[in-house]
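Enquirer: Handing you this structure, nothing more for now.
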Amino acid sequence: MGVVRENRAPRRDAAANREALLDAARVLLNREPGASLEAIAAEAGLTRRTVYGHFPNRDALLDALAQRGSERVVAAIASVDEADPVRRLALIAVRAWDEIAGVRVMAVTTVRGPRAEIVDAALTPLRRRIAEALDEGAAAGRLRDDIPAPLLARLVEDAALAVFAASVRDGLSDAESRRLVVSLSLTTAGLGWRDAAELIAADPDLVAAPARVDPLWPPTVAIDVVADAAAADASGTAPEGAAR
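Going by numbering that gives the first Met the number 0, the letters in the sequence shown line up with residues 0 to 243, in that order.
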């Protein structure tokens, strides 16, 4: 008769292990952009062998992380259902911020590094939603109509990304960043800056912090990683000044 082993922890299936690795990577890489696969495995409570069973190398894991992170942003703005195109654009901007805020260090390094094409393709539905709001706002005479909506949508996206970078570089608070990402998105779209400020002041819920925060994406202290993002990704070492 075989020996019955008690107190054996249930074995996680392959899909759960993969998700655990990606969850650990998004937390650890936000603190240490150059963290190794071994460090990520330790963060996830898994072995190095398990990591290589899912990702043949660090680049493959980072590719998957960029894809999943972008898909999370798209999912976050999918629920925005606002008839007014200007307010809808503001909500899209702040929902995207909510999804990225806790990992903005990693987000900045990702969109400025070799995975920019992955992110760009995955965020196509986001730009489509932005372009729809821009078209409607232009038709109503409230937003600019001198730039084609698809191009203007990219410029609005770039403006939001600039806020993410500034929040890391300059240590902006969450409240400051939320107001700025909405204001800059709206002014890029053609709304006057005073009008944008009045809209935010009249509707404070528009930039209110969410009631629930993803525990896997904790608030991030400002660290100087933006300029060295590509070098860190290529070398596999954390940039100077990164939190340890």
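For every residue, glycine included, the Cβ atom is placed at its ideal position computed from N, Cα and C.
Would Arg94 and Val79 qualify as a contact pair, given that the criterion is a beta-carbon distance under 8 Å?
Expert: The residue given as residue 94 occupies position 95 in the sequence shown. The residue given as residue 79 occupies position 80 in the sequence shown. Going by C-beta atoms, Arg94 is nearer than 8 Å to Val79.
Enquirer: Can you grab the Cα-Cα spacing for the pair Thr49 / Leu151, in whole Å?
Expert: The residue you call residue 49 lines up with position 50 of the sequence shown. The residue you call residue 151 lines up with position 152 of the sequence shown. Cα to Cα, Thr49 sits roughly 44 Å from Leu151.
Enquirer: Just verifying my parser: in three-state terms, what is the DSSP assignment at Glu18?
Expert: Taking the first residue of the sequence shown as position 1, residue 18 is located at position 19. Correct three-state label for Glu18: helix.
Enquirer: Taking only runs that begin and end inside the stretch 27-89, name each unbroken alpha helix (DSSP H) of 4 or more residues, in chain order.
Expert: Those alpha helix (DSSP H) runs which fall completely within the stretch 27-89 and span 4+ residues are 36-43, 47-53, 57-77.
Enquirer: By Cβ distance, which residues of its chain are closer than 8 Å to Pro214, with the 5 residues on each side in sequence left out?
Expert: Taking the first residue of the sequence shown as 1, we reach residue 214 at position 215. At Pro214, the pLDDT of 48 sits below 50, so the modelled position is not reliable and the matter cannot be decided from this model.
Enquirer: If you count every other CB in all the chains shown that lies within 10 Å of the CB of Ala15, and 16 or more means buried, which is it?
Expert: What you label residue 15 is simply residue 16 of the sequence shown in a count that begins at 1. Per the 10 Å Cβ criterion, exposed.
Enquirer: Please return the same chain residues whose Cβ sits closer than 7 Å to the Cβ of Leu27, not counting the five positions on each side in sequence.
Expert: Here residue 27 corresponds to residue number 28 of the sequence shown, with the count starting at 1. Closer than 7 Å at the Cβ level, and outside the excluded window around Leu27, lie Ala34, Ala38, Ile39, Glu42.
Enquirer: Could you tell me if Pro209 is buried or exposed, where buried requires 16 or more neighbouring beta carbons within 10 angstroms of its beta carbon?
Expert: In the sequence shown, counting from the first residue as 1, residue 209 sits at position 210. Pro209 comes out exposed.
Enquirer: Quick check on Pro203: does DSSP put it in helix, strand or coil?
Expert: Taking the sequence shown and counting its residues from 1, one reaches residue 203 at position 204. It is helical.
Enquirer: Per DSSP, what kind of secondary structure is Pro209 in: helix, strand or coil?
Expert: Taking the sequence shown and counting its residues from 1, one reaches residue 209 at position 210. It is coil, neither helix nor strand.
Enquirer: Pairs of beta-carbons, one from the stretch 129-140 and one from the stretch 82-93, closer than 8 Å: are there three or more?
Expert: Flag = yes, the stretch 129-140 and the stretch 82-93 touch.
Enquirer: Any idea what DSSP makes of Arg114, helix, strand or coil?
Expert: Taking the first residue of the sequence shown as position 1, residue 114 is located at position 115. DSSP places Arg114 in coil when its eight states are reduced to three.
Enquirer: So the candidates are Ala148, Ile199, Leu183; which of them puts its Cα closest to the Cα of Ala165?
Expert: As a working mapping, residue 165 is identified with position 166 in the sequence shown. That would be Leu183, whose Cα lies nearest to the Cα of Ala165.
Enquirer: Which same chain residues, not among the five before or five after Ala65, have their C-beta less than 7 Å away from its C-beta?
Expert: Within the sequence shown, numbered from 1, the residue matching residue 65 stands at position 66. Thr109, Arg114, Ile117, Val118, listed in sequence order.
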